[in-house]
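Q:
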Amino acid sequence: MILDEVDAYPYRESHLLHFAVKRARKPGGKTIYLTATPTPAMQQQALKGEMSLAYIPARHHGYPVPEPELLAEGQLRYPRTSQELVLPPTVIELIYQSVVIDQVRLFIFVPSVRLAEQAARAINQVVERDGWFENRESRNWAEFCHAGDPRRDQKRTGFSRGNFPILVTTTILERGITIAPVNVLVLYADAEKIFDEGALVQMAGRTGRTEAYPKGKVWLVGARVSP
Numbered sequence: 001m002i003l004d005e006v007d008a009y010p011y012r013e014s015h016l017l018h019f020a021v022k023r024a025r026k027p028g029g030k031t032i033y034l035t036a037t038p039t040p041a042m043q044q045q046a047l048k049g050e051m052s053l054a055y056i057p058a059r060h061h062g063y064p065v066p067e068p069e070l071l072a073e074g075q076l077r078y079p080r081t082s083q084e085l086v087l088p089p090t091v092i093e094l095i096y097q098s099v100v101i102d103q104v105r106l107f108i109f110v111p112s113v114r115l116a117e118q119a120a121r122a123i124n125q126v127v128e129r130d131g132w133f134e135n136r137e138s139r140n141w142a143e144f145c146h147a148g149d150p151r152r153d154q155k156r157t158g159f160s161r162g163n164f165p166i167l168v169t170t171t172i173l174e175r176g177i178t179i180a181p182v183n184v185l186v187l188y189a190d191a192e193k194i195f196d197e198g199a200l201v202q203m204a205g206r207t208g209r210t211e212a213y214p215k216g217k218v219w220l221v222g223a224r225v226s227p
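Under this note's numbering, think of the first position of the sequence shown as 1, with each following residue one higher.
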């Protein structure tokens, strides 16, 4: 029995699915779990020798997953419901570095639907104000995406095709999508109730997935670096 993405919903939290896997496995058979983010319980089992552990130190192209850069930005604050999001200069510089200087598309992950919409709007205002893409035909530099967005599939396809360089999204796109070249920026990365260790690793894993752009850049930005 081989299970991929074993840490993901719904298997991780489902006792029924755990039972179904055990029941489906042939007596004396083996179960192989595949995951980039093993659960704490699985890590403890491996440390105790209750489960064999095989490391895969690099991707198919020979490079490891890019290591995130942690940035504490005290000016990054949650906007109130009636307020627009104000992006700190450091965040604007990171976005500019990726899409203008490096000419690499950018995934921006945020912890809520409201922030996805506000961040995309704030980025478009900055881009238009500062004239980042004066000769660009489309005026949609940043789009947002979340589970409740009826156009989420169209936006994902448009981003993949390079129709716009920035996609602000919730964790809906933390898995199962490969785009190259692309960098990753996580805003409010210290939102621990939404972004646990596994989610941050999965989001970071969206970059560096192809031989054409194997390294990539990952920035985790929060008001503080949590212990």
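For each residue, glycine too, the CB sits at the ideal point set by N, CA and C.
It should be emphasised that the depicted structure is a prediction, and the values quoted were computed from it without experimental measurement.
1. Could you tell me how far apart the beta carbons of Val221 and Val91 are, in whole angstroms, since I believe they sit closer than 8 Å?
2. Does the beta-carbon of Arg209 have 16 or more other beta-carbons within 10 angstroms, so that it is buried, or is it exposed?
3. CB-CB under 8 Å to Gly62, same chain, minus the five flanking residues each way: which ones, in chain order?
4. Are the CB atoms of Phe164 and Trp141 within a distance shorter than 8 Å?
5. Going by the C-beta, is Ile56 closer than 7 Å to any heavy atom of the ligand SAM?
6. Return helix, strand or coil for Ala36, following the three-state DSSP convention.
7. Given a cut-off of 8 Å, decide if Phe144 and Val127 are closer than it, judged by their beta-carbon atoms.
8. For the beta strand (DSSP E) containing Phe107, name the first residue and the last one.
9. Taking the beta strand (DSSP E) that Gly198 belongs to, which residues open and close that run?
10. If you follow the beta strand (DSSP E) that Gly233 is in, where does it begin and where does it stop?
11. Looking at Thr31 and Leu53, is the spacing between their C-beta atoms short of 8 Å?
12. Shortest alpha-carbon distance to Arg206 belongs to which of Leu115, Arg105 and Ala72?
13. Find the nearest neighbour of Gly216 within the set Arg80, Ala180 and Asp130, judged by alpha-carbon distance.
14. Name the DSSP bridge partner or partners of Leu71?
15. Tell me the DSSP secondary structure of Asp232 in three-state form.
16. Could you check the C-alpha separation between Ile244 and Phe159 for me, to the nearest Å?
A: Well, looking at it:
1. 6 Å
2. Per the 10 Å Cβ criterion, buried.
3. Pro214
4. For Trp141 and Phe164, yes; Cβs fall inside 8 Å.
5. Of the ligands one can find in the structure shown there are none, so the ligand SAM has no counterpart to examine.
6. Looking at Ala36 - three-state DSSP - the assignment turns out to be coil, as it is neither helix nor strand.
7. no
8. Arg105 to Phe109
9. Not the beta strand (DSSP E): Gly198 falls in the alpha helix (DSSP H), residues Glu197 to Ala204.
10. There is simply no residue 233 to check, as the chain begins at 1 and stops at 227 in what is shown.
11. no
12. Arg105
13. Ala180
14. Beta-bridge pairing by DSSP links Leu71 to Val221.
15. Nothing about residue 232 can be read from this structure; the chain reaches only from 1 to 227.
16. What is shown of the chain runs 1 to 227, which leaves residue 244 out entirely.
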